[in-house]
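To start, the structure itself, in structure tokens.
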Amino acid sequence: MRLSRRAAILLRVGTGITLAFIYIPLIVIAIYAFSESRLLEWPPPGLTLDWFEKAFENEGARNALWTSGKVGLAATALALLLGTLASIAVARYRFFGRETISFLVILPIALPGIVTGMALNATYTQILAIDLGLFTIVTAHATFCIVVVYNNVIARLRRMSASFEEASADLGAHPWQTFRFVTLPTMRTAMVAGALLAFALSFDEIIVTTFTAGADQTLPIWIFTNLSRPNQLPIVNVVAVIVILLSAIPVYLAHRLTREESISPRGGTAIAESTAVP
Amino acid sequence: MSRLRAHPAWAPLLIVVGLALFMLVLAGCGDDDDDGDGDTTAALTEVGPGEGELNIICWAGYCEDGSTDPAVDWVTDFENETGCQVNVKIGNTSDEMVTLMRTGQYDGVSASGDATGRLIEGGDVDPVNVDLVPNYADIFPALKDQPHNTVDGVNYGIPHGRGANLLMYNTEQVKPAPTSWGAVFDPAEASKQTGKVTAYDSPIYIADAALYLREHNPELGIENVYELDEEQFNAAIDLLKQQRQNVGEYWSDYTKEVEAFANGDSTIGTTWQVITNLLQDEDAPVENTLPEEGSTGWSDTWMLSSEAEHPNCMYLWMDHVVSPEVNAQIAEYFGEAPANEKSCALTEVKNHCEIFHADDEEFFDQIEYWTTPTKDCGDDRGEVCKTYDEWVQGWTEVKG
Amino acid sequence: MEAAGVGERPQRRSAGRRLADLFHGRRGAQVAAFLAAPLTWLVVVYLGSLAILFVTAFWHLDDFTGEIERGFSFENFQTLIEQDVYRSIAGRTIGVAALVTVTDALLAFPIAFYMAKVASPRVQGLLVVAVLMPLWSSYLVKVYAWRTILSEEGALNWALGPIGLSTPDGDIFRLWLVMSYLWLPFMVIPIYAGLERIPDSLLSASQDLGAGPGTTFRRVILPLAFPAVVAGSIFTFSLTLGDFIAPQLVSSTQFIGNVVYTNVGIANNLPLAAAFAAVPVIVMILYLLMARRLGAFEQL
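Protein chains in written order, with our numbering: chain L, 1 to 278; chain R, 279 to 678; chain E, 679 to 978.
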């Protein structure tokens with residue numbers, strides 16, 4: 001698109017301002033991670049790598065990181081399953097109440113976390129009478145992660161015409177074969193993108209987790225507990241910095257995957273493959 | 279597109295059936311919450327071998343196992359000696375602790391006085407046989423058999439330690455040094471530090487206002503600052519709303535206050551000794567004092583859950599935590615007066631007990647320990663006093 | 679081996695085929711099979727939990743024992759409506775949520791447009807990563823960082839000091855600033871995706887027909903991007919509406935979430951908490967219905 005010089009400059013300035021706004025606090029956090037003082041003074045009195053060492057040695061932090069990883073993976077898997085099933089139903093069939101499904105799926109993430117947390121907590125402890133633990137955290141997270149998988153997958157399914165699946169059926173493939181060789185490959189990258197976003201949501205979630213966690217500490221809970229302890233505050237900053245840096249990898253992957261443009265060439269190959277199978 | 283016809287399919291049926299089923303469940307069960315039986319079960323008569331595990335709810339800093347700071351650890355020794363693997367759940371407020379205890383998933387808790395009442399009343403804790411805790415004998419007599427840990431002569435816990443809420447001020451900004459809570463409550467004085475006054479962010483702070491009114495507005499007839507009738511309560515709320523105009527921020531976790539004073543955001547307000555110590559360590563110009571009206575404070579108690587799965591481990595833990603060495607460690611780490619008399623000789627900072635007034639009963643006589651407000655005023659007014667949830671609503675009003 | 683369906687049929691049908699035959703033609707059964715798991719979870723467990731929670735809003739605490747009594751009454755709603763403080767808290771929360779939403783939309787649009795229409799694919803990739811990475815940094819750490827930045831001797835005063843300014847006072851200002859910061863990535867991504875979907879040819883056509891950039895923006899881009907903006911606003915609005923941690927850490931003021939949290943945890947007054955929690959829920963449901971009409975759901 002051709003932009004006038006003035007518009008182009010304004011645009012660049014606007015982008016720069018927003019980027020600066022986003023990153024300056026993160027840079028402040030990074031500086032605090034190196035600060036000598038426990039009390040987050042500004043400017044920091046001196047710089048040190050001590051906190052990094054303490055962070056690596058900190059058992060609580062390591063356990064919390066591991067717990068968050070486990071919870072994230074499990075919740076993502078569950079969200080993948082439920083989200084994909086729901087999106088296939090909505091994209092490929094017409095039935096009474098179809099439009100409501102999109103609404104229903106977005107509710108857990110649109111309603112305040114404290115409401116979801118209170119409600120699920122009451123159900124777990126009073127109605128189902130189960131102990132709060134990893135299971136309750138995972139299921140609670142999966143509830144609001146479904147929507148990100150659902151949205152990604154359904155967008156992809158809508159872009160891919162149903163005629164590919166019909167053609168596959170016409171050529172003799174039964175529904176499972178069609179699913180395996182035509183639908184799934186097309187959805188795959190959307191599923192992965194949704195999964196990555198779901199993992200991110202689960203990883204940093206604090207409010208719902210507070211209500212559904214028993215004795216387990218996910219990373220956000222560990223951070224919340226340690227923000228109030230002066231000795232721990234710098235370690236918390238270090239952990240935050242490390243997580244941000246590591247996150248560049250999955251974020252970049254997700255972006256590459258969602259940029260898959262037209263799916264026809266792919267679909268074509270898949271179909272050729274499926275009919276070639278004896 | 280293929281012939282997709284709208285089918286009156288199973289989906290709506292599923293939804294309706296699902297909801298119907300759930301409503302049935304809802305109507306049917308859901309009265310599982312009266313497990314707290316009114317009658318108190320008798321305490322244990324002997325402590326058997328440890329059950330191998332212990333799940334406790336602690337204030338941050340009470341149950342250190344080395345994960346915060348490898349040098350601060352009194353849990354690992356306990357685990358090695360008794361075989362009870364300790365799982366700690368940190369409670370950030372008394373109220374959180376009460377809620378957690380009600381789930382029945384924990385063996386014990388370090389409860390402050392504003393939680394103990396509710397726990398005893400609700401049947402969430404069992405009486406504790408103090409004879410089974412050898413170190414109980416060495417606990418300061420003034421901590422034993424207090425209203426917040428003993429009901430009708432029955433002990434419900436082992437005292438842990440105690441501390442007072444003090445008035446802290448920035449020595450450079452606040453001159454002359456304050457001697458009364460009027461520095462934060464009297465409009466004329468508080469407005470000198472307007473925007474930099476701070477207060478503890480909890481409904482229990484209403485008692486502090488009542489404490490001030492007890493001295494300065496005797497016509498209200500306030501005696502027990504935790505049992506306020508309508509008139510007294512409203513007066514306290516009004517005082518707090520007035521104070522609000524000068525308050526810059528309220529603090530609920532102590533790091534917040536440390537930073538506020540270090541940064542100059544706050545110059546005067548309620549504090550704990552440990553906060554003053556942390557600030558003075560960083561050379562901040564602060565001092566604290568116990569004002570002439572006295573103050574509120576806390577005295578914590580280790581309590582045993584009525585649904586404890588590992589009562590033996592809990593007894594062993596309670597004994598461990600009030601033993602002279604461990605109690606000294608905790609008192610120093612957290613910054614409070616220890617419960618065990620013998621701990622005073624064992625603290626690293628030699629005059630720790632002096633700083634925290636551990637054996638200064640005159641000091642603690644001026645302290646009104648946190649207690650849960652109840653409807654029963656405990657005197658001839660009858661049952662007209664404000665309950666805790668009314669205190670909560672009042673506090674919401676104050677903060678606005 | 680010949681392709682199935684041509685020539686003779688195979689003697690035995692695989693299990694997969696037989697299962698497929700069972701569902702063949704029965705579209706209802708197919709839909710049910712797909713929807714069984716997700717719907718059971720979402721409707722029975724999630725909606726059911728919400729239903730129960732809101733039933734408790736009609737219960738109340740027994741004055742004497744402090745236990746929850748199940749009698750049906752509007753007591754809680756009366757309290758909420760009659761006492762000023764709850765109204766002002768609700769108003770404040772919704773007001774800040776709206777303010778944050780507008781601010782984020784304004785901040786997000788330039789960068790989203792740049793990413794979608796101007797940047798080269800490589801820069802685009804970098805920018806997407808740059809915008810999304812902050813989502814991974816802990817929300818709590820970010821809020822705490824802002825606390826120190828905004829404090830008396832914090833980074834903002836340090837930066838503004840030399841030019842004679844200082845951090846503005848005021849809880850609302852602080853929360854507006856911090857929340858706009860926190861939810862910004864949630865607004866950028868949908869707008870970026872929405873703008874990407876606008877074909878370049880439309881924009882060229884507009885320019886060929888003589889429209890300047892301003893007119894093109896107003897009459898072509900904005901209407902087409904609007905659903906995406908609404909989609910992003912769902913997040914900024916709802917996240918602000920329900921948050922209680924940021925108000926607690928960065929200000930002394932109360933939002934709806936704080937009152938709910940206090941009553942659930944502290945007072946164990948679940949009925950009152952549930953009643954007040956109904957406010958953001960109703961607001962969000964209305965918001966979602968409006969968003970759906972505006973076509974935002976396709977832009978998420």
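Where a beta carbon is used, it is the ideal one built from N, C-alpha and C, also for glycine.
Buried or exposed by the 16-neighbour rule on C-beta atoms within 10 Å, applied to residue i
i, result
"T894(E)", "buried"
"T983(E)", "Within the shown structure, residues of chain E are numbered from 679 to 978, placing residue 983(E) beyond reach of any answer."
"W550(R)", "buried"
"L950(E)", "buried"
"F851(E)", "exposed"
"R897(E)", "exposed"
"T354(R)", "exposed"
"I9(L)", "exposed"
"F752(E)", "exposed"
"H598(R)", "buried"
"N358(R)", "exposed"
"A769(E)", "A small correction: the amino acid at residue 769(E) is Gly; Ala does not occupy that position in the sequence shown. Its Cβ having fewer than 16 others within 10 Å, G769(E) is exposed."
"H174(L)", "buried"
"H738(E)", "buried"
"K534(R)", "buried"
"V13(L)", "exposed"
"G16(L)", "exposed"
"N448(R)", "buried"
"I249(L)", "exposed"
Reference residue i, options the options, closest by Cα
i, options, result
"A735(E)", "N946(E), R971(E), E976(E) and L978(E)", "N946(E)"
"I127(L)", "V709(E), N941(E), Y724(E) and V937(E)", "Y724(E)"
"L219(L)", "Y817(E), G848(E) and V959(E)", "Y817(E)"
"F954(E)", "L697(E), G726(E), V763(E) and D782(E)", "V763(E)"
"S544(R)", "L843(E), V957(E), F904(E) and S930(E)", "S930(E)"
"E646(R)", "E537(R), K367(R), P454(R) and G575(R)", "G575(R)"
"F904(E)", "G706(E), G803(E), E976(E) and L720(E)", "E976(E)"
"E747(E)", "L948(E), L843(E) and G848(E)", "L948(E)"
Residues near residue i by beta carbon distance below 6 Å, same chain, minus five either side
i, result
"A715(E)", "none"
"T136(L)", "Y124 and T212"
"V670(R)", "P481"
"A487(R)", "A514, L517 and L518"
"A54(L)", "The sequence given here has Lys at residue 54(L), not Ala. Correct list, in chain order: I235."
Proximity test, residue i beta-carbon vs the ligand NAP heavy atom, cut-off 7 Å
i, result
"P877(E)", "In terms of ligand content, the structure shown is empty, and the ligand NAP therefore cannot be addressed."
Straight-line gap, residue i to residue j (C-alpha atoms, nearest Å)
i, j, result
"Q471(R)", "V452(R)", "8 Å"
"L65(L)", "I27(L)", "22 Å"
"L902(E)", "D878(E)", "12 Å"
"P799(E)", "F539(R)", "50 Å"
"A837(E)", "I22(L)", "17 Å"
"A291(L)", "V149(L)", "Within the shown structure, residues of chain L are numbered from 1 to 278, placing residue 291(L) beyond reach of any answer."
"A924(E)", "D849(E)", "11 Å"
"A195(L)", "R188(L)", "10 Å"
"T18(L)", "F787(E)", "10 Å"
"V866(E)", "V239(L)", "26 Å"
"T625(R)", "E508(R)", "46 Å"
"L491(R)", "T143(L)", "51 Å"
Own chain partners of residue i with C-beta closer than 7 Å, once the 5 adjacent residues on each side are dropped
i, result
"A200(L)", "none"
"W289(L)", "Missing from the structure shown is residue 289(L); chain L here goes from 1 to 278 and no further."
"T718(E)", "none"
"T665(R)", "P651, T652 and K653"
Beta-carbon proximity list for residue i, same chain, < 8 Å, skipping 5 on both sides
i, result
"W854(E)", "V774, L777, V778 and T781"
"S280(R)", "Interpretation of S280(R) is limited by its pLDDT of 39, a score under 50 that renders its predicted location unreliable; the figure taken from the coordinates is listed afterwards. Taken in chain order, the list of residues that qualify is empty."
Inset, instruction - Check distances from the C-beta atoms of the stretch 122-154 of chain L to those of chain R and list, in chain order, the residues that come in under 8 Å. - result: T125, Q126, I127, A129, D131 and L132
Legend entry - Proximal residues, the stretch 325-338 of chain R versus chain L, C-beta separation under 7 Å: N333 and A338
Legend entry - Within 9 Å of chain R by C-beta, residues of the stretch 926-946 of chain E in sequence order: Q926, L927, S929, S930, T931, Q932, N936, V937, T940, N941, V942, G943, I944, A945 and N946
Legend entry - chain R contacts made by the stretch 831-855 of chain E, where a contact means CB separation under 8 Å: E831, G832 and D847
Legend entry - Members of the stretch 150-183 of chain L that neighbour chain R once the beta carbon cut-off is set at 7 Å: A162 and E166
Inset, instruction - Taking only beta carbons into account, state which residues of the stretch 40-63 of chain L come closer than 8 Å to chain E, listed in chain order. - result: L40, E41, W42 and P43
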